[in-house]
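Q:
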Ligand code: GLU
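Residue numbers (the numbering used here): 1 to 293.
1. Identify the residues that DSSP records as bridge partners of residue 294: which are they?
2. Let me have the residue list for the ligand GLU: C-beta closer than 6 Å to any non-hydrogen atom, ordered along the chain.
3. Taking C-beta to C-beta, are residue 134 and residue 162 nearer than 7 Å?
4. Only counting the same chain, and skipping five residues up and downstream in sequence, which positions put a Cβ closer than 7 Å to that of residue 90?
5. Could you tell me the alpha carbon to alpha carbon distance between residue 5 and residue 182, rounded to whole angstroms?
6. Can the beta-carbon of residue 204 be found closer than 7 Å to that of residue 136?
7. Taking the continuous beta strand (DSSP E) assigned at residue 165, which residues delimit it?
8. Hey, how far is the Cα of residue 192 from the Cα of residue 169?
9. Whose CA, out of 128, 149, 223, 105, lies closest to the CA of residue 279?
10. So, helix, strand or coil for residue 63, using DSSP?
11. With DSSP as the reference, label residue 269 as helix, strand or coil.
12. Relative to the C-alpha of residue 17, which residue among 275, 62, 73 is closest?
13. Find the nearest neighbour of residue 129 within the set 147, 101, 151, judged by alpha-carbon distance.
14. Pull up the DSSP beta-bridge partners for residue 189, would you.
15. Report back the beta-carbon spacing between residue 152 and residue 196 to the nearest angstrom; my notes put them in contact at under 8 Å.
16. What does the alpha-carbon distance come out to for the pair residue 68 and residue 11?
17. Taking C-alpha atoms, which residue in 243, 249, 253, 173 lies nearest to residue 87?
18. Considering only C-alpha positions, which residue in the set 35, 21, 26 is nearest to residue 7?
19. Which full runs of the alpha helix (DSSP H) of 4+ residues lie inside the region 46-91, going along the chain?
20. To which residues does DSSP link residue 42 through a beta bridge?
21. Could you have a look at residue 175 and say whether DSSP puts it in helix, strand or coil?
22. By Cβ distance, which residues of its chain are closer than 7 Å to residue 30, with the 5 residues on each side in sequence left out?
Here it is in structure tokens:
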């Protein structure tokens, strides 16, 4: 257990669905500096629980790129593929408490709102069979105050309804795995993209149900392209692979509202960032189109 290492433990938790890109580098740098500047530790977790979406070799390339960009985790890397027993244990606990139930519905049974209407909550309808397992949100509000975005009162009940924690293909859902592992790794602060704000409400509901203390959250603006789309690994946009690392880190710092000196070596730039990082300067926005210094 790593819980007693330091008062602050942050993390970066990429899914190996493609290479590191500008958007994910923003989360890596933001989580790294928030943890380090608080005198804390920064951990790395590879979220490899969705083999159909994985891109071969990308976990290794992400780890190597993080090293190349100057971010080395303060502990062993946790791979979610090694944690299936822990997810099953949490699932059993929720089922045992009556806080989760089997569901026979498929995507085509979902209403256009995307909010699950609770069809299988009181039992699977005759002639149908269980496919997934859902968590009972009930009327939990699960509001939280984000360190950057302020009060987020997005009740999971009205944005998703009871949500899936084990999928029809038998894989554990991201929401369950992330909650179990943030607790296991003793994570005290989560810094990630604002595209995950909606998930946070669901994760806080799960933390409450499992008796887990919630970490503090900071959701950073997400980098979007000129057509308003998120820069993501899957769209293969914006490869930073061949970019000079110091130049890429400069751009990320600038994107996060800092005023980094330009033209310095990576080492000097990190020294500057660790001495001058100021989260008050991060734009309080959910999306930004990066345009560089
Ligand atoms: N694995 C998720 C992703 O790569 C991020 C999870 C998180 O930061 O909670 O989008």
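Using N, Cα and C, we set each Cβ at its ideal position, and we do this for glycine too. Since we're looking at a predicted model, the values are computed, not measured.
A: In short, the structure shows the following:
1. In this structure the chain extends from 1 to 293, so residue 294 is not present and cannot be described.
2. 13, 14, 15, 47, 178, 192, 196
3. yes
4. Only 176, 180, 210 meet the Cβ criterion.
5. Because the pLDDT of residue 5 is 48, which lies under 50, any placement of that residue in the model is unreliable, and the number read from its coordinates should be weighed accordingly. Their Cα atoms are separated by approximately 15 Å.
6. no
7. Looking at the DSSP string, the run of the beta strand (DSSP E) that includes residue 165 is 163-166.
8. 27 Å
9. The shortest C-alpha separation from residue 279 is found at 149.
10. helix
11. Residue 269: helix per DSSP, three-state reduction.
12. 62
13. 101
14. DSSP, once it has assigned bridges, lists 216 as partnering residue 189.
15. That belief does not hold up - the Cβ atoms of residue 152 and residue 196 are roughly 11 Å apart, past 8 Å.
16. 18 Å
17. 173
18. 35
19. The region 46-91 contains these whole alpha helix (DSSP H) runs: 58-68.
20. 10
21. helix
22. Excluding residues within five positions, the ones whose Cβ falls inside 7 Å are 191, 220, 256.
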